[in-house]
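Heads up, the thing below is written out as C-alpha cells.
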Amino acid sequence: MTYLLGLTGGIASGKSTVSRTFKAAGFPVVDADVIARQIVEPGQPVLARIAQAFGPEVLRADGSLDRAKLAEIVFSQPGRMAALNQINRPYLREAISQALAQAKAGGAAIVVGDIPLLYEADYADDFDGVAVVSVDPNIQLSRLMARDGLSQADAEARIQSQMPLAQKAALADFVIDNNGTQEATIAQANALIHRLQRLS
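Numbering follows full-length UniProt numbering, with no gaps: position 112 of the sequence shown is 112.
As C-alpha cells, then:
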C-alpha cells in the first residue's frame, strides 16, 4: 500500500531540502509549484483569466506570465491574493490530484505531495499524513531576504500571506526542524522515510 504524504512548510523554511531527500531515496514527488507554473503557460485557460483579472501588464511581450509583476500586485494590494487564488485553485487542485493518482499507480511505497499552501488550500484530508518543515521566524526571514534579494518589508509581506509556521506544525503529523544544518535536516527526512516505509 502506498503512503501518501503531504509535505508543506513556509516560504524559505527548507521544504525543498526535504523534498529532494525523498526524491534521492527514489520516491515520486508531486511538486505543486511546478504544476502551478505549468497551468499558467501561454495557451492555458488560467493565464487568460489572470490577464483578464489583473490587466495586460502581467504579461510579457512574448505572451508569458510576468511572475514578478504579478507578485508585486498581489503582495501590495489587499484582496488581490484572494482573487488570484480563486482563479488558480480549481485548476491547480485538479492537476495535483491527477499527478498524485498517476504517481500512486506506479506502486511506490511513499508518494509525496509537495504543496506550500497545503493547509491554506485545504489539502490535508487528501493525504494519509502531513509533514511540516519548521524553522524559527527570524531565521526564515533572513533566509528569504538573502535567497530572493528582498527588503525586510517585502519578505515579511510574503511570510505573512501564509499561515504561521507554528500553527502548521501544531496541525502536522510529523515535524522536521530546520533550524540547524542542512545535514541535520536531511537526517530527519531520512528518519521519516524509514518510519513511513514501515507504515506503508
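Every residue, glycine too, gets a C-beta built ideally from N, C-alpha and C.
Asked: Just to confirm, is the Cβ distance from F54 to R158 under 8 Å?; Found: no
Asked: Using the rule of at least 16 other Cβ atoms within 10 Å of the residue's Cβ for burial, across every protein chain shown, is P164 buried or exposed?; Found: exposed
Asked: Where do the N-terminal and C-terminal ends of the beta strand (DSSP E) with T8 fall, by residue?; Found: 3 to 9
Asked: If you draw a straight line from the C-alpha of A99 to the C-alpha of Y91, how long is it?; Found: 12 Å
Asked: Roughly how many angstroms separate the alpha carbons of residue 207 and G10, rounded to a whole number?; Found: Shown here, the chain extends from 1 to 200; a query on residue 207 therefore has no answer.
Asked: If you draw a straight line from the alpha carbon of V175 to that of S16, how long is it in whole angstroms?; Found: 15 Å
Asked: What's the gap between the Cα of D122 and the Cα of R143?; Found: 27 Å
Asked: What's the gap between the Cα of L5 and the Cα of D136?; Found: 23 Å
Asked: Spell out the partners DSSP gives I110 in its beta bridges.; Found: Y3
Asked: Going along the chain, which residues of its own chain have a beta-carbon closer than 7 Å to the beta-carbon of A103, five neighbours each way excluded?; Found: P28, V30, V111
Asked: Quick check on the burial criterion: 16 or more other C-beta atoms within 10 angstroms. Buried or exposed for V46?; Found: buried
Asked: Within its chain, find whatever has a CB closer than 6 Å to the CB of Q197; leave out the 5 residues flanking it on each side and keep chain order.; Found: A109
Asked: If you run the structure through DSSP and keep just helix, strand and coil, what is I39?; Found: coil
Asked: Assuming the contact rule is C-beta atoms closer than 8 Å, D114 and L7 should be a hit. Round their C-beta distance to whole Å, please.; Found: 5 Å
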